[in-house]
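Participant: Protein chains in written order, with my numbering: chain U, 56 to 467; chain L, 56 to 467. We put the CB at the ideal spot given by N, CA and C, even for glycine.
Number of protein chains: 2
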Amino acid sequence: MIKAEIITIGDEILYGQITDTNSQWISAELDKIGVKTIRKSSIGDAEEEILQIFKESQKRADIVLITGGLGPTKDDITKKTFCKYFGTELEVRQDALDHLLSYFEKRNYTPTPIILTQAELPINAIYLQNKLGTAPGMWFEHEGTIFVSMPGVPFEMKGLIADAVIPKIKEHFSTPHIFHKIIRTVGTGETILADRISDWEDALPAHLKVAYLPSVGQVKLRLTGFGNDLATIEKEVLAKVDEMLPMIQEFVYGFDEEELEVAIGNQLVKKNQTVSVAESCTGGYLSHLFTRNSGSSAYFWGGVVAYDNSVKINQLGVLPDTIEKNGAVSEETVTEMAQNVRKKLKTTFGLATTGIAGPNGGTPQKPVGTIWIALASENETITHKLQLGGKREQNIIATASSVLNLLRKKLM
Amino acid sequence: MIKAEIITIGDEILYGQITDTNSQWISAELDKIGVKTIRKSSIGDAEEEILQIFKESQKRADIVLITGGLGPTKDDITKKTFCKYFGTELEVRQDALDHLLSYFEKRNYTPTPIILTQAELPINAIYLQNKLGTAPGMWFEHEGTIFVSMPGVPFEMKGLIADAVIPKIKEHFSTPHIFHKIIRTVGTGETILADRISDWEDALPAHLKVAYLPSVGQVKLRLTGFGNDLATIEKEVLAKVDEMLPMIQEFVYGFDEEELEVAIGNQLVKKNQTVSVAESCTGGYLSHLFTRNSGSSAYFWGGVVAYDNSVKINQLGVLPDTIEKNGAVSEETVTEMAQNVRKKLKTTFGLATTGIAGPNGGTPQKPVGTIWIALASENETITHKLQLGGKREQNIIATASSVLNLLRKKLM
Chain U
56 MIKAEIITIG DEILYGQITD TNSQWISAEL DKIGVKTIRK SSIGDAEEEI
106 LQIFKESQKR ADIVLITGGL GPTKDDITKK TFCKYFGTEL EVRQDALDHL
156 LSYFEKRNYT PTPIILTQAE LPINAIYLQN KLGTAPGMWF EHEGTIFVSM
206 PGVPFEMKGL IADAVIPKIK EHFSTPHIFH KIIRTVGTGE TILADRISDW
256 EDALPAHLKV AYLPSVGQVK LRLTGFGNDL ATIEKEVLAK VDEMLPMIQE
306 FVYGFDEEEL EVAIGNQLVK KNQTVSVAES CTGGYLSHLF TRNSGSSAYF
356 WGGVVAYDNS VKINQLGVLP DTIEKNGAVS EETVTEMAQN VRKKLKTTFG
406 LATTGIAGPN GGTPQKPVGT IWIALASENE TITHKLQLGG KREQNIIATA
456 SSVLNLLRKK LM
Chain L
56 MIKAEIITIG DEILYGQITD TNSQWISAEL DKIGVKTIRK SSIGDAEEEI
106 LQIFKESQKR ADIVLITGGL GPTKDDITKK TFCKYFGTEL EVRQDALDHL
156 LSYFEKRNYT PTPIILTQAE LPINAIYLQN KLGTAPGMWF EHEGTIFVSM
206 PGVPFEMKGL IADAVIPKIK EHFSTPHIFH KIIRTVGTGE TILADRISDW
256 EDALPAHLKV AYLPSVGQVK LRLTGFGNDL ATIEKEVLAK VDEMLPMIQE
306 FVYGFDEEEL EVAIGNQLVK KNQTVSVAES CTGGYLSHLF TRNSGSSAYF
356 WGGVVAYDNS VKINQLGVLP DTIEKNGAVS EETVTEMAQN VRKKLKTTFG
406 LATTGIAGPN GGTPQKPVGT IWIALASENE TITHKLQLGG KREQNIIATA
456 SSVLNLLRKK LM
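1. Under 8 Å between the Cβ atoms of V396/L and A333/L?
2. Could you check where the beta strand (DSSP E) with Q442/L kicks off and where it finishes?
3. Can you say whether T121/L is buried or exposed, counting buried as having 16 or more other CB atoms within 10 angstroms of its CB?
4. Counting only beta-carbon separations shorter than 8 Å, does R447/L have a partner in chain U?
5. Three-state secondary structure (DSSP) at Y308/U?
6. I need the boundaries of the alpha helix (DSSP H) containing H197/L, first residue and last residue.
7. Let me see if you follow: with CB-CB separation under 8 Å, is L120/L close to chain U or not?
8. Inspect the CB distances between the stretch 219-229 of chain L and the stretch 285-301 of chain L and report whether three or more fall short of 8 Å.
9. Looking at the structure shown, is I81/L part of a helix, part of a strand, or coil, going by DSSP?
10. Buried or exposed: T388/U, going by 16 or more other Cβ atoms within 10 Å of its Cβ?
11. Would V307/L pass as a contact of A453/L if the rule is Cβ separation under 8 Å?
12. Under 7 Å Cβ-Cβ, which residues of chain U neighbour N415/L?
13. Can you name, in chain order, every residue of its own chain whose Cβ lies under 6 Å from the Cβ of T329/L, other than the five neighbours on each side?
14. My output table needs one value for H154/L: the three-state DSSP class, helix, strand or coil.
15. Could you tell me which chain U residues have their CB closer than 7 Å to the CB of T76/L, listed as they occur along the chain?
16. Can you pull the chain U residues whose beta carbon is under 8 Å from the beta carbon of F159/L, in chain order?
17. Counting only Cβ pairs nearer than 9 Å, list the residues of chain L close to R94/U.
18. Could you tell me whether the Cβ of F355/L comes closer than 8 Å to any Cβ of chain U?
19. Determine the chain U residues that contact S352/L at a beta-carbon separation under 8 Å, and present them in chain order.
20. Where does K480/L sit, in a helix, a strand or coil, going by DSSP?
21. Cutting at 6 Å between CB atoms, please list the residues of its own chain near K87/L, excluding the five before and the five after it.
22. Looking at C-beta atoms only, is the number of pairs between the stretch 175-182 of chain U and the stretch 195-205 of chain U that lie closer than 8 Å three or more?
23. Identify, in the order they occur along the chain, each residue of the same chain with its Cβ nearer than 6 Å to the Cβ of K463/L, setting aside the five sequence neighbours on each side.
24. Check the C-beta distance from G413/U over to A83/L and give it rounded, since I have them as a contact under 8 Å.
25. Determine the chain U residues that contact I451/L at a beta-carbon separation under 9 Å, and present them in chain order.
26. Which value, in whole angstroms, describes the spacing of the CA atoms of V423/U and K446/U?
27. Do D117/L and I237/L have their C-beta atoms within less than 8 Å of each other?
28. Note down the Cα distance separating F137/U from V119/U, rounded to an integer number of angstroms.
29. What number of angstroms, rounded off, separates the C-alpha of E386/L from the C-alpha of D254/L?
30. Hey, I105/L and T143/L: beta-carbon distance below 8 Å or not?
31. Between H232/L and the rest of its own chain, which residues show a CB-CB distance below 8 Å, the 5 nearest in sequence each way excluded?
32. What residue range is occupied by the uninterrupted alpha helix (DSSP H) comprising I288/U?
33. So who's on the other strand from M467/L, going by DSSP bridges?
34. Hey, would you say S331/U sits closer than 8 Å to Y362/U, going by beta carbons?
35. Could you give the residue range of the beta strand (DSSP E) that holds E175/L?
36. Answer with yes or no whether the minimum CB distance from Q370/U to chain L is below 8 Å.
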C-alpha cells in the first residue's frame, strides 16, 4: 500500500480563517488510485515548522503532497524552505519563464520582476506546469520519498493534480488495482439505504467494501473492489452493484460523477423536452445547478427569480389575490408559479419553490423551513410541502434537491 | 504564547469522505483568546497512529485538542488509547452515568449496556459534561501538557468548547493577545496589491504581519498583531490599516467577514435603493449570491435567468434585431438586458451578464471567456467586456464578482 501525507501550509488555515477543502479533495483523488492517506497536517508559514514536518513526513510516507505558500509575495516561503531542506538553491527555468510570459501576454499585462521570480525553482525540482495560474507545481524525489508542491488556490491545485500529479504517481509507483462504482441516490437517508441493503452488504467478500457518502438531500453509495487484475475486479464490482440495485431502485438517479441535474438533463434531451424554473426561496440556486453544467442550454431555457412578491405578480402573473389569501408560502402560490413559468417560457416542465429559508421570517403557523415545491407539466401539477430545519444554506440546497427529484420521478 | 495543536481522529476525514470543519472552528475560537494553533492533524482510527501523534504533539504544544473516536461502537478507540498513553485504566463515573441516565430518560429511551459504557472514563480524566449528547468531554493534565478530548459531532463539540473548554483554558493559562483585521478587495490581483503596499509592508514592526488570501476575483489582506495588551495591539493594527488603505482604496469593499454582495446590500439599504438582475452566462449564480444572505429581500427584488434567447426576447424584451445583428454576447444585448430588467422589476439598478462561459461555444471572434457585463441606472448604463479563461466555474464566479464590482463603484 502506497502511503501519502498531505500538508497544507498557511496561517489562514491554522488561524481558522478559511476551511481547508484542498486536503479532502486530494485524499479522495488518491483514494481512487489506491493510494492511502495516512495523515493530513496544516502548519503555519514558518520555515522551522515546514522543515520539521518535512522530516517527520519523509519517515512515514512514500509521497508527501504539499499545498500553499507558493505565491510571489513575501509571506510565501515554501520554495526557499525546499532549498534549505534539500540543500540546494533556486535557478530560473526557461520553460517556467516561457509559461509566465505567455500567461501574461494573453492577459495583456506586463509582469513585474517580482512576478517573474515564480520561474525560479529549486535545482532538483521537476517542473509541473500550472496551466491555470502562475505559481509552479514541483515534483521532488528525495531519499526514496516523493515531495509534490502545489499552489493553495483550489482550482489551480486541482488542475495540477489531474494533469500532472496523478499520472506521475501512477507512472512512479505500481499502485494496486482498485475499482470504484458510485451509485447516486436522492429522496432518502443513509439509514434507510443501509437497512435495505444490509443482508447484501454482510455477504460481501473482504476485498469489496461499501461506503456511504451523505450530503444535503442526497446519499452516494460507493462500492470499492481491490485486487491484482483490474478487469476481474471491475466485473465483480459491477455484478454486485447489479445485485443490489433492485433493492433501492426508486432512489437511484445516476452513477459515478453524474449530478442529479445532469441525469435529468440527459433524460430531457433524450425526450426532446425542456424545463424552466420560478424560484423564490432557492433564489437562483436551482438555475445555477442547471447552468453550471456545460450543455444545459439544450434543455434549460431559463427562469424567474421571484424574490419580492411584486416579481411573483408582475413577472410570473401570480394573482395578487392568491398571495393575499394564502400567503406567498403556500400550495396555491407555488402552483401558479410553476404553471405560469412553464407557459411563459414555453417549456415542457415548470419547477417552482417558495418558502421560509431562515434564519428569520418564521411564524408559529409557518416556521422557518416551511417550503412548498411544485412541478407543472401539460396535464398536471404536482406539489409537495417540505418541513426542513433552521439552517438557510441547507434549506436552499435541500429544496433544490427535492424539486429536482419531483422532475426525476416524472421522467422515470 | 500558548501553543495548541488540534487532532481529528477518523478514517472518514482521512479518506476524503467528509470535510473537517471542526478544526477550523476550534482554531478560530482559540485565536479569539490569544491561543496560537501551531498545527492541525487528521489521523486514522488506529491505536498506534494515535499514540504516535500524542507523543509528538505533547513535545510541541501546551494544549492538545482532540475530536472524534468517542462513540460507543467498536471502531471508536480514543478512550482506550488514552488509558494506554497515560498508563491508567477506565472507571465508571457517577456524574457521567447520572448525565447519561437523565439524557435518555428525557427522550423516553432505555439505554443498552453498551451505551452506558460512555460513563467510563480514564482515572486521570476531569469529566466535562456534554450537554448536547452522550459522549463525554475529558480534560487531562500530563507532564505539563493539557489534553482535551471531545466528540466529533460538530454541535456537541462546539457546546463543549464554549461551555467548558474555553473557560478552563483561560483559568489555566495566562493567554497573550492577538488582533486581526481583514481588508477585502475586488477588481485586482495579489501581485498588484503587494506592489502598492510593498514599502508600507517592509516597514511593519516584527509583531505585525500581513497575509494575502486570494480567491476567484477577490483578494483579502489580513493584518495581524501580537502583544500583551489587547487594546494597544488593536489600536496599533487599526492605525496601520488606516495608513495603508489610501494606497489601495479603489479596490476595498469591506472588512472582516463582510461579503461583497452584503457590503453592496448594506449600501443599498442605507440609500433605500434596490437591485434586480438579468443573467445569461452566470445562470442564476448572481441571484444566488444575493439571496444566500438572510435579509437580502430588503434590496434584492429578483431577476430573470435568460439562458435561451427566447427568454431574453420574450421575458426581458430584448429586441430580436439586437440579437440578430450583434449576437447574444454583445454590448448591445447586455445593455438592453440591464436596462429592461431594471424597468420591468422597478428597481434602482439593473445588472446583466451575457457571455461564453465555456468550455464549448467559443468562436474565433468570441472565444470562450468572452463576457459582457452591464449596470443600468436611471441616467446611464455602464458596460464592460471581460476576457476570461477557459474554466466554466471560474468564469461564472469571476463574472459575478466583476458585475457586483460595477455596482460597488457606482455606490461609492
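Facilitator: In short:
1. Result yes, Cβ atoms of V396/L and A333/L sit closer than 8 Å.
2. Element bounds for Q442/L: 436-442.
3. Before going further, note that residue 121/L is Ile rather than Thr in the sequence given. Burial call: buried.
4. Chain U contact via Cβ: present.
5. Of the three classes helix, strand and coil, the one that applies to Y308/U here is strand, per DSSP.
6. Counted as a single uninterrupted DSSP element, the stretch harbouring H197/L is not any alpha helix (DSSP H) but the beta strand (DSSP E) occupying residues 192-197.
7. Output row for L120/L: interface = no.
8. With the cut-off at 8 Å, the stretch 219-229 of chain L and the stretch 285-301 of chain L do not touch.
9. It is helical.
10. With 16 or more Cβ atoms within 10 Å of its Cβ, T388/U is classed as buried.
11. Taking 8 Å as the Cβ cut-off, V307/L and A453/L do not qualify as a contacting pair.
12. Residues of chain U whose Cβ lies closer than 7 Å to the Cβ of N415/L are, in chain order, S349.
13. Cβ within range, chain order: Y354, W356, T402, T403.
14. Taken through DSSP and simplified to helix, strand or coil, H154/L comes out as helix.
15. The contacting residues are T74.
16. None at all; the shortest Cβ gap to chain U is about 19 Å.
17. Result: L69, S96, S97, I98, G99, E104, I108.
18. Yes, F355/L counts as interfacial toward chain U.
19. Correct list: Y362, D363.
20. No answer is possible for residue 480/L: it lies beyond the span of chain L, which begins at 56 and ends at 467.
21. No residues qualify anywhere along the chain.
22. Output reads yes: the stretch 195-205 of chain U touches the stretch 175-182 of chain U.
23. Per the sequence shown, residue 463/L should be read as Arg rather than Lys. Cβ neighbours of R463/L within its own chain (closer than 6 Å, five residues either side excluded): Y308, I319.
24. That pair is no contact at about 23 Å.
25. What I451/L touches in chain U: H343, T346, R347.
26. Between the C-alpha atoms of V423/U and K446/U there is a straight-line separation of about 9 Å.
27. For D117/L and I237/L, no; Cβs fall outside 8 Å.
28. The straight-line gap from Cα to Cα measures roughly 13 Å.
29. Rounded to whole angstroms, the separation of the alpha carbons of D254/L and E386/L is 40 Å.
30. The Cβ atoms of I105/L and T143/L do not sit closer than 8 Å to each other.
31. Same-chain partners within the cutoff: G89, F281, G282, N283, D284, L285, I288.
32. Unbroken alpha helix (DSSP H) run through I288/U: 285-303.
33. Bridge partners of M467/L: none, in fact.
34. Inclusion of S331/U and Y362/U in the CB contact set at 8 Å is not warranted, their separation being larger than that value.
35. From DSSP, the beta strand (DSSP E) with E175/L extends over 175-177.
36. Between Q370/U and chain L, the shortest Cβ-Cβ separation is below 8 Å.
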